[in-house]
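Read top to bottom, the protein sequences are chains A and B.
According to our numbering, numbering within the first sequence proceeds without interruption in unit steps and concludes at 312.
According to our numbering, numbering within the second sequence proceeds without interruption in unit steps and concludes at 629.
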Amino acid sequence: MNASPAAITADAPARLPWLHRLSVASLVVTILLTIGIGGTITSTEVGMAYPTWPDINGGSLFNIFYGELADAFGTGSVIEHTHRQAGALAGFIVLLTAALAWLQRGVSKRVRWLATATLALVTVQGLIGALRVLENSYGGAILHALGAQAVVVVLVVQVRATSGAPRLVPAPADDRDATLRRWTTLALVLLFVNLFAAASLRHKQGAFPGHLVLAILTAVVLLAVMRLAFLAPVRRALHRDALRMSWVLGTQLALGVAAWAYLLGPLAEDFADEQLRFTVQAALATGHLLCGVLVMAVATSLWLEARAPEAR
Amino acid sequence: MRVGEAVGVAVVVGLAALGVVLLFAGEPSVAGAARQERVENEREAALLAALEAEFGSWATPQVPADLPLAEPDLARGARVWLSQCLQCHGATGDANTPTAAMHKPRPRDLRHGIVKYKSTERGYPPLREDLERSVRLGITGTGMSSFRGLPEPDLQAVLDWTTYVMLRGQTWMRAKDALAASPDTAPEAVLAAELDTVRGLWSDLQRKVVAVPQRPTPDAAAVERGGHLFRGRAACATCHSDDGSGLPDGAVALPDAWGWDVEPRDLRGGWRGSRDAADLFRRVRVGIDGTPMPGVGDTLTDDEAWDVVTFLETLAE
Numbered sequence: 001m002n003a004s005p006a007a008i009t010a011d012a013p014a015r016l017p018w019l020h021r022l023s024v025a026s027l028v029v030t031i032l033l034t035i036g037i038g039g040t041i042t043s044t045e046v047g048m049a050y051p052t053w054p055d056i057n058g059g060s061l062f063n064i065f066y067g068e069l070a071d072a073f074g075t076g077s078v079i080e081h082t083h084r085q086a087g088a089l090a091g092f093i094v095l096l097t098a099a100l101a102w103l104q105r106g107v108s109k110r111v112r113w114l115a116t117a118t119l120a121l122v123t124v125q126g127l128i129g130a131l132r133v134l135e136n137s138y139g140g141a142i143l144h145a146l147g148a149q150a151v152v153v154v155l156v157v158q159v160r161a162t163s164g165a166p167r168l169v170p171a172p173a174d175d176r177d178a179t180l181r182r183w184t185t186l187a188l189v190l191l192f193v194n195l196f197a198a199a200s201l202r203h204k205q206g207a208f209p210g211h212l213v214l215a216i217l218t219a220v221v222l223l224a225v226m227r228l229a230f231l232a233p234v235r236r237a238l239h240r241d242a243l244r245m246s247w248v249l250g251t252q253l254a255l256g257v258a259a260w261a262y263l264l265g266p267l268a269e270d271f272a273d274e275q276l277r278f279t280v281q282a283a284l285a286t287g288h289l290l291c292g293v294l295v296m297a298v299a300t301s302l303w304l305e306a307r308a309p310e311a312r
Numbered sequence: 313m314r315v316g317e318a319v320g321v322a323v324v325v326g327l328a329a330l331g332v333v334l335l336f337a338g339e340p341s342v343a344g345a346a347r348q349e350r351v352e353n354e355r356e357a358a359l360l361a362a363l364e365a366e367f368g369s370w371a372t373p374q375v376p377a378d379l380p381l382a383e384p385d386l387a388r389g390a391r392v393w394l395s396q397c398l399q400c401h402g403a404t405g406d407a408n409t410p411t412a413a414m415h416k417p418r419p420r421d422l423r424h425g426i427v428k429y430k431s432t433e434r435g436y437p438p439l440r441e442d443l444e445r446s447v448r449l450g451i452t453g454t455g456m457s458s459f460r461g462l463p464e465p466d467l468q469a470v471l472d473w474t475t476y477v478m479l480r481g482q483t484w485m486r487a488k489d490a491l492a493a494s495p496d497t498a499p500e501a502v503l504a505a506e507l508d509t510v511r512g513l514w515s516d517l518q519r520k521v522v523a524v525p526q527r528p529t530p531d532a533a534a535v536e537r538g539g540h541l542f543r544g545r546a547a548c549a550t551c552h553s554d555d556g557s558g559l560p561d562g563a564v565a566l567p568d569a570w571g572w573d574v575e576p577r578d579l580r581g582g583w584r585g586s587r588d589a590a591d592l593f594r595r596v597r598v599g600i601d602g603t604p605m606p607g608v609g610d611t612l613t614d615d616e617a618w619d620v621v622t623f624l625e626t627l628a629e
């Protein structure tokens with residue numbers, strides 16, 4: 001049975017301004033700093049610039065004298081070091097969010113446990129990063145890449161849960177609604193499978209054709225999801241996310257083609273200067289990764305909005 | 313779920329499975345780097361042709377006779393190198409990659425046939441065991457991390473390939489220098505002569521291992537004697553300062569064999585490479601190959617060299 005607008009208003013959870021701000025801050029720091037710098041590490045292949053953890057060849061994680069660090073261990077170590085610092089910053093904000101969720105009155109159990117689960121996931125993700133370094137493990141590196149996007153998914157859920165948006169409805173309203181729900185789930189699963197392929201490729205453990213097939217397949221499924229979202233009855237948030245997806249997916253496909261052309265394709269040898277080749281390749285690979293994170297974030301939001309009761 | 317939708321989902325799942333299969337069915341994809349020695353004139357091109365007649369091309373490598381590589385698994389070694397070593401040590405072992413430039417100390421240019429941490433006399437190549445230890449355990453204080461997680465066949469194969477890269481590189485570098493110094497000699501003759509020299513350097517390396525005598529009891533008196541020698545007759549303090557803190561005020565860093573300035577270590581924080589006492593003894597005795605760090609040679613007796621080792625161990629604590 002469809003809920004009336006009045007019922008939706010009565011059922012809507014309270015907006016939690018500080019928890020929401022902290023959740024947004026976690027998401028921004030995670031994507032732009034932690035994953036952005038992490039992607040740069042993989043693109044420039046300096047992940048093992050200093051193979052110690054949590055110290056930096058005996059130094060502190062909180063060292064901000066980057067010039068001295070570069071003098072001692074090279075610029076690669078500065079990139080690795082700032083990634084760890086960004087991860088620590090994201091972890092601190094997530095910790096603060098979880099603490100506030102439990103200390104503040106009027107916060108639902110659902111939000112409290114969600115914030116706690118995010119904290120647990122971020123902690124595990126940090127430990128996987130440590131494992132990757134200490135064991136010099138490409139398997140660990142691929143798992144670390146998957147974990148990063150899992151953190152993004154959970155943070156997107158948390159951002160919505162603290163925003164005062166209507167709670168998700170357990171049962172679909174009709175067949176079309178059920179179809180949309182199924183295909184957003186399928187899209188999310190495919191995104192993770194494709195992410196696994198991309199991470200394997202970046203860490204030289206997988207072959208490009210696998211990533212190509214999965215990327216095309218994921219793009220087609222996302223296009224189908226967008227179509228279903230646009231065909232759904234007027235649900236502003238859903239339409240907004242579908243429109244966002246069209247932008248990030250288009251950009252991602254363009255970056256993917258460029259990254260292939262300059263890393264593995266016909267333009268890979270098209271540089272007179274080795275440093276320029278390296279810079280272009282690293283920038284494209286990192287840009288492709290970051291845009292992929294945005295695709296994952298918007299797909300998560302679509303998954304959530306496909307289950308929202310708005311304007312039924 | 314309607315039949316049409318169920319078919320659609322099945323097709324997606326099937327194609328996803330195909331993607332995963334393709335991901336692991338072929339060789340891992342690696343952004344390419346030119347695997348070719350650089351030549352600057354016709355004589356060097358002829359020299360390269362002579363090199364390839366002995367060592368094969370990079371795509372079809374072979375080992376010349378009488379070099380210390382029995383039944384190497386070069387194909388496997390090259391694959392491991394591409395995925396694990398290429399970014400720092402380069403396709404030809406020249407360590408001239410943008411990633412290498414982001415490391416300090418720079419990854420080793422293996423084409424000179426020299427490595428720093430080894431058990432042989434200065435000027436001689438390392439034993440396979442020395443290379444294996446660096447690959448398996450990594451080199452403390454550098455970006456050379458441990459590859460102990462590699463499957464054993466991969467690890468042995470990459471040691472084969474590393475040795476091949478060193479032999480080929482050393483022959484090429486020596487021959488290029490000799491060619492420039494002997495403009496009237498045919499490139500083929502130059503290469504043959506330098507290959508013979510390389511054979512000589514790499515043969516019977518066990519006889520070139522620096523002997524490590526029995527260590528006397530490392531007591532407080534040994535620390536005191538070692539400190540005295542460090543600041544006196546062994547002349548360690550000239551570069552490492554009296555307190556072992558590294559380059560003294562006013563002194564300048566000296567270049568290593570690869571052309572990079574190296575500063576003497578601050579020994580209070582330990583040192584790079586193995587912490588094993590026997591290895592430290594060898595470094596005191598013969599120095600560190602490829603660097604301005606000299607050995608004490610015959611300046612100290614065995615017991616005195618051990619005293620210096622004991623002092624250094626205390627300093628690092």
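Every residue, glycine too, gets a C-beta built ideally from N, C-alpha and C.
Any chain B beta carbon closer than 7 Å to residue i
i	result
Ala7/A	Confidence at Ala7/A is low in this model, with a pLDDT of 43, below 50, so the placement of that residue should be treated as unreliable; the coordinate-derived value is given next. So, not an interface residue.
Arg62/A	At residue 62/A the sequence reads Phe, which differs from the Arg that was named. No, no contact with chain B.
Gln205/A	yes
Gly287/A	no
Thr75/A	yes
Glu135/A	yes
Phe192/A	no
Ala308/A	no
Ser43/A	no
Beta carbon proximity, residue i to chain A, threshold 7 Å
i	result
Ala565/B	no
Val323/B	no
Val342/B	yes
His424/B	no
Leu334/B	yes
Leu266/B	Because chain B in this structure spans residues 313 to 629, residue 266/B falls outside the shown range and cannot be described.
Gln348/B	no
Leu327/B	yes
Leu631/B	Since the first residue of chain B shown is 313 and the last is 629, residue 631/B is not available in this structure.
Pro495/B	no
As assigned by DSSP and simplified to three states, the class of residue i
i	result
Val477/B	helix
Asp573/B	strand
Thr372/B	coil
Ala306/A	coil
Pro17/A	helix
Ile56/A	strand
Thr483/B	helix
Pro5/A	Legend: pLDDT at Pro5/A = 45, less than 50; position of this residue unreliable, value from coordinates given subsequently. Correct three-state label for Pro5/A: helix.
Glu616/B	helix
Gly67/A	helix
Arg312/A	Residue placement at Arg312/A is flagged as unreliable, the pLDDT there being 43, under the threshold of 50; the coordinate-derived value follows with that caveat. Looking at Arg312/A - three-state DSSP - the assignment turns out to be coil, as it is neither helix nor strand.
Thr300/A	helix
Gly599/B	strand
Pro437/B	coil
Thr97/A	helix
Asp385/B	coil
Pro604/B	coil
Thr432/B	strand
Asp578/B	coil
Range of the contiguous alpha helix (DSSP H) that encloses residue i
i	result
Asn194/A	Asp175 to Arg202
Gly326/B	Val315 to Ala337
Cys400/B	Leu398 to His401
Thr40/A	Gly36 to Thr44
Glu441/B	Arg440 to Leu449
Arg420/B	No alpha helix (DSSP H) holds Arg420/B; DSSP gives it neither H nor E.
Thr411/B	Pro410 to Ala413
Arg355/B	Glu354 to Phe367
Candidates the options: closest to residue i by CA position
i	options	result
Gly321/A	Val298/A, Leu284/A and Leu304/A	As shown, chain A starts at 1 and ends at 312. That puts residue 321/A outside it, with no answer to give.
Leu632/B	Lys430/B, Asp573/B, Pro567/B and Thr603/B	Nothing can be reported for residue 632/B, as the shown portion of chain B is limited to 313 through 629.
Val318/B	Val156/A, Val153/A, Val111/A and Thr179/A	Note that residue 318/B is Ala in the sequence shown, not Val. Per the Cα distances, Thr179/A.
Trp349/A	Met48/A, Val154/A, Val193/A and Arg227/A	Any answer about residue 349/A is impossible in this case: the structure gives chain A only from 1 up to 312.
key: alpha helix (DSSP H) segments (min. 4 residues) lying fully within the region 487 to 570 of chain B   = 499 to 514, 532 to 543 and 549 to 552
key: alpha helix (DSSP H) runs wholly inside the region 103 to 183 of chain A, at least 4 long, in chain order   = 109 to 134 and 138 to 161
Inside the region 199 to 277 of chain A only - alpha helix (DSSP H) runs reaching at least 4 residues = 208 to 231 and 236 to 263
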